[in-house]
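Remember, the numbering used here sits 9 above the position in the sequence shown when you count from 1. Reviewing the structure listed below.
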Amino acid sequence: MSYNLASQVYMDLYPVLARKIKYTIIRANNEGLPIDLFCGGRSWEMQQKEYEKGRELKEGIWTISDLHRVVTNAQPGDSWHNYFVAGDFAFKDEHDDWTWDIPTKYWHRVAEIAKEVGLEWGLELFGAKLSDYPHFQYTKGLRIWQAKGIVKADGLKALWDTIEKEEVV
Ligand SMILES: [Zn+2]
């Protein structure tokens, strides 16, 4: 188990978030929880591709055609991954393959560590869908519509600066 800060998955992530993720991984690994960062930031084009999984266009509306293949309900701009302030962890099995098939208590322990450094947990933000266990973000309680407005007006760096200055809520 090792993480690699130069690896693709950390690319373009908000550096403060990247450090908090790295800290969480090291702490968890030291406790015998073999997690690593599975997914980091996503461009709006990538988000669209993710959104289309399990959906098909019917009369101009994206409609779910295969629920098991759906990976996100967020359209481009509606996911914190699109602002590079979110990451999804996954566990590694004994063959070093990714796995999400682990008891939820281990996710709770990862979340305890992550929350110590101010990360916000998908399970607590979005509810108890299994897909939200791996998701962590660093927004200090900003809303996605606020993020969208800031980025539209002043760019991504302005959003990161806002998060940095924001009081923890
Ligand atoms: Zn996520």
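A virtual CB, placed ideally from N, CA and C, is assigned to each residue, including glycine.
Q57 sits in a helix when the DSSP states are folded into three classes. Of the residues Y19, P24, Q17, the one whose Cα lies closest to the Cα of W169 is P24. Beta bridge pairing from DSSP links Q146 with A95, E129. For I172, the enclosing alpha helix (DSSP H) starts and ends at 165-174. Sequence-distant Cβ neighbours of G131 in its own chain, meaning closer than 6 Å and more than five residues away, are D141, H144.
Cα atoms of I35 and E133: separation of roughly 23 Å, rounded to the nearest angstrom.
In this structure, Q146 sits near W89, with a CB-CB distance shorter than 9 Å.
Secondary structure at E121: helix, using DSSP grouped into helix, strand and coil.
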